[in-house]
Amino acid sequence: MLQSAGGSATIGLGYGVVGDITEPSERGSYMGILGCGPNVAPGLGPVLGGVLAEKAGWRWIFGFLEISGALSLVLIAVLLPETGRNIVGNGSRPVPALNKSLLLLWQENRQRKIPLSTPEGYRTAASEAVSRIARLRIPNPLGSVHIFLQKESAPIILINGVFYSAYCCLQASLSSLFITIYGYKELEAGLIYLPFGVGCFVASLLSSKYEGTLFNIYPKPTLLLYHRRNVCVPETRVSDFPRPSTKHGLPASYSIFALLAYGWVLEYHVHPSIPLVLQFFIGGAMTIVFNACGTLHVDLHSTRPSTAQAALNLLRCALAAGELAALQPLIDAIGPGWCYTVIALVTGGVAGVCVFIRRLVWMLFGDAPCTQGHDVRQSRAQSFLRSFKIEDDVPRRYLCL
Numbered sequence: 146m147l148q149s150a151g152g153s154a155t156i157g158l159g160y161g162v163v164g165d166i167t168e169p170s171e172r173g174s175y176m177g178i179l180g181c182g183p184n185v186a187p188g189l190g191p192v193l194g195g196v197l198a199e200k201a202g203w204r205w206i207f208g209f210l211e212i213s214g215a216l217s218l219v220l221i222a223v224l225l226p227e228t229g230r231n232i233v234g235n236g237s238r239p240v241p242a243l244n245k246s247l248l249l250l251w252q253e254n255r256q257r258k259i260p261l262s263t264p265e266g267y268r269t270a271a272s273e274a275v276s277r278i279a280r281l282r283i284p285n286p287l288g289s290v291h292i293f294l295q296k297e298s299a300p301i302i303l304i305n306g307v308f309y310s311a312y313c314c315l316q317a318s319l320s321s322l323f324i325t326i327y328g329y330k331e332l333e334a335g336l337i338y339l340p341f342g343v344g345c346f347v348a349s350l351l352s353s354k355y356e357g358t359l360f361n362i363y364p365k366p367t368l369l370l371y372h373r374r375n376v377c378v379p380e381t382r383v384s385d386f387p388r389p390s391t392k393h394g395l396p397a398s399y400s401i402f403a404l405l406a407y408g409w410v411l412e413y414h415v416h417p418s419i420p421l422v423l424q425f426f427i428g429g430a431m432t433i434v435f436n437a438c439g440t441l442h443v444d445l446h447s448t449r450p451s452t453a454q455a456a457l458n459l460l461r462c463a464l465a466a467g468e469l470a471a472l473q474p475l476i477d478a479i480g481p482g483w484c485y486t487v488i489a490l491v492t493g494g495v496a497g498v499c500v501f502i503r504r505l506v507w508m509l510f511g512d513a514p515c516t517q518g519h520d521v522r523q524s525r526a527q528s529f530l531r532s533f534k535i536e537d538d539v540p541r542r543y544l545c546l
């Protein structure tokens, strides 16, 4: 339980850093690259675990995890800078002492040796003075719960949650089903995760290009020029494209039908190459869905991306825990064919209802797309840009291209 709490926090930290340092026009590309780690690792972990268990004993699995975790902690402590906009702004504010990396502390220690009479010395002294009076912000543990209740976020969180639950169910049953059906050994059962991991890796790289390309082909009226920086109203990632239903609906639909096929090829003991190929495409399609949901959710909460990702993780892990608890009894009772049929129907049904409700909310509450006139576009753009808390002394110019 403690390990899971720490691991999920690092994922939210990664999304928070990307949300802090990227603009909307490039955020999708960064999110795809960031998704390589959490999406590929579950596919490669069983392979490494199988090799270590067979060659060195199962205790070395935990030794490897301890060493890799400690190395990651050292790299974070030494290199990771503070990027939170509420703490450092655009990078011009001094960093509080508790938020400084070891590298930054070393650099400041060198700067203290600069005489105060020099301009560099004055800047260092002023930075230290402001840093000492910086207030310690107490995090709100209910911030993630508040995001659940927002009409913009709830459908995204639910869709991501049901697909992640199906993703976890497929991974959890891989080794046991292949050992039972095809008589695989321990190492071979670990190697069958490779197609799934490769599919996730390829899809993460492709989706990074895919999301960036989709932003760049926006219709001109949906982009805004603010101080020579492209800023986009978040909802236009899904609502203002030609044929929006085919943008991310195709990978989602494909993964649902592939889940159906995967269950029935296992039910009829088809040659193992067929379910392995299906694993590759299921992992790739679901990775595209995860990256799309994560990118849009960070766009909607660009001022607090880590909290947004924490809300995403909280619900999807809870849903995955429930489905995993029912997975093995369901397989024993009705077999893998009907089990994955139920999972696919639940996933597709919940996602379809969320999309329908979101469309209905757009119609009822007047979330007009950018094709409905210059005034509507400019009003929505101003509301979105105000969420960045731009200073009043900065001249504000909102120009629709």
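Heads up: the sequence shown runs through residues 146 to 546, numbered per this note's numbering. Quick reminder that beta carbons are idealized off the backbone N, C-alpha and C, glycines included. In this text the structure is predicted, and so the values were computed from the model without any measurement.
Task: residue 422 versus residue 429: straight-line alpha-carbon distance, rounded - done: Here the question's residue 422 lines up with position 277 in the sequence shown. Here the question's residue 429 lines up with position 284 in the sequence shown. Approximately 11 Å, taken between the alpha carbons.
Open item on the list: Here's a check: name, in chain order, each residue in its chain whose Cβ is nearer than 6 Å to the Cβ of residue 228, leaving out the five neighbours to either side.
Closed with: For the purposes of this step, residue 228 is identified with residue 83 of the sequence shown, where counting begins at 1. Cβ within range, chain order: 162, 165 and 166.
Task: Neighbourhood of residue 184 by C-beta, 7 Å cutoff - its chain only, sequence neighbours within 5 removed - done: Mapped onto the sequence shown, residue 184 falls at position 39. Apart from the 5 residues on each side of it in sequence, residue 184 sits with its Cβ closer than 7 Å to the Cβ of 345, 349, 432 and 435 in its chain, given in chain order.
TODO: Could you tell me whether the Cβ atoms of residue 412 and residue 482 are closer together than 7 Å?
DONE: As a first step, residue 412 is located in the sequence shown; it is residue number 267 there, counting from the start. As a first step, residue 482 is located in the sequence shown; it is residue number 337 there, counting from the start. For the 7 Å CB-CB criterion, residue 412 and residue 482 form a contact.
Open item on the list: Our contact map puts residue 425 next to residue 340 with C-beta atoms below 8 Å; I'd like the distance itself, whole angstroms only.
Closed with: The residue you call residue 425 lines up with position 280 of the sequence shown. The residue you call residue 340 lines up with position 195 of the sequence shown. 4 Å between Cβ atoms; contact.
Task: Through-space distance from residue 396 to residue 444, alpha-carbon basis - done: The count along the sequence shown starts at 1 and reaches residue 444 at position 299. The count along the sequence shown starts at 1 and reaches residue 396 at position 251. Approximately 21 Å between the Cα atoms of the pair.
Open item on the list: Taking the straight line between their C-alpha atoms, what separation do you get for residue 94 and residue 190?
Closed with: Since the displayed the chain opens at 146 and closes at 546, residue 94 lies outside it and no answer follows.
Task: Coarse secondary structure for residue 400, derived from DSSP in three states - done: In the sequence shown, counting from the first residue as 1, residue 400 sits at position 255. In the structure shown, residue 400 adopts helical secondary structure according to DSSP, grouped into three states.
Task: C-beta atoms of residue 310 and residue 465 nearer than 7 Å - done: Here the question's residue 310 lines up with position 165 in the sequence shown. Here the question's residue 465 lines up with position 320 in the sequence shown. Taking 7 Å as the Cβ cut-off, residue 310 and residue 465 qualify as a contacting pair.
Task: Test item: CB-CB of residue 457 and residue 305 under 7 Å - done: To locate residue 457, count along the sequence shown from 1; it is residue 312. To locate residue 305, count along the sequence shown from 1; it is residue 160. Yes, these two residues count as a Cβ contact at 7 Å.
TODO: Under 8 Å by Cβ, that's how I've got residue 241 and residue 232 pegged, so tell me the actual separation to the nearest angstrom.
DONE: Along the sequence shown, read from residue 1 onward, the residue named residue 241 stands at position 96. Along the sequence shown, read from residue 1 onward, the residue named residue 232 stands at position 87. About 7 Å separates the CB atoms of residue 241 and residue 232; that is less than 8 Å, so the two are in contact.
TODO: Reducing DSSP to helix, strand and coil, say where residue 449 ends up.
DONE: Locating residue 449 in the sequence shown gives position 304, where the first residue counts as 1. The answer is coil: DSSP assigns residue 449 none of H, G, I, E or B.
Task: Every unbroken beta strand (DSSP E) inside the region 281-328 [3 residues or more] - done: Complete beta strand (DSSP E) runs here, min 3: none at all.
- [ ] Would you kindly check if the distance between the Cβ of residue 199 and the Cβ of residue 331 is under 7 Å?
- [x] Counted from its first residue, the sequence shown places residue 331 at position 186. Counted from its first residue, the sequence shown places residue 199 at position 54. Result yes, Cβ atoms of residue 331 and residue 199 sit closer than 7 Å.
Open item on the list: Could you give the first and the last residue of the continuous alpha helix (DSSP H) run that contains residue 206?
Closed with: Taking the sequence shown and counting its residues from 1, one reaches residue 206 at position 61. Unbroken alpha helix (DSSP H) run through residue 206: 204-224.
- [ ] Look up residue 330 in the DSSP assignment and say whether it is helix, strand or coil.
- [x] The residue you call residue 330 lines up with position 185 of the sequence shown. Residue state, collapsed to three classes: coil.
TODO: Let me know the secondary structure DSSP gives residue 240 once reduced to three states.
DONE: The sequence position of residue 240 within the sequence shown is 95, counting from 1. If DSSP states are grouped into helix, strand and coil, residue 240 belongs with coil.
Open item on the list: So for residue 367, helix, strand or coil by DSSP?
Closed with: Sequence index remark: in the sequence shown, residue 367 carries index 222 (1-based). Confidence at residue 367 is low in this model, with a pLDDT of 39, below 50, so its placement is unreliable and the value that follows should be read with caution. DSSP places residue 367 in helix when its eight states are reduced to three.
- [ ] Assign residue 187 to one of three DSSP states: helix, strand, or coil.
- [x] Within the sequence shown, the letter at position 42 stands for residue 187. Helix.
Task: Whole-number beta carbon distance between residue 460 and residue 293, since they are thought to touch under 8 Å - done: Locating residue 293 in the sequence shown gives position 148, where the first residue counts as 1. Locating residue 460 in the sequence shown gives position 315, where the first residue counts as 1. Residue 293 to residue 460, Cβ: 7 Å. Contact.
Open item on the list: Just to confirm before moving on: does the CB-CB distance between residue 489 and residue 351 stay below 7 Å?
Closed with: For this step, residue 489 is matched to residue 344 along the sequence shown. For this step, residue 351 is matched to residue 206 along the sequence shown. With respect to residue 351, residue 489 sits apart: the two C-beta atoms are not nearer than 7 Å.
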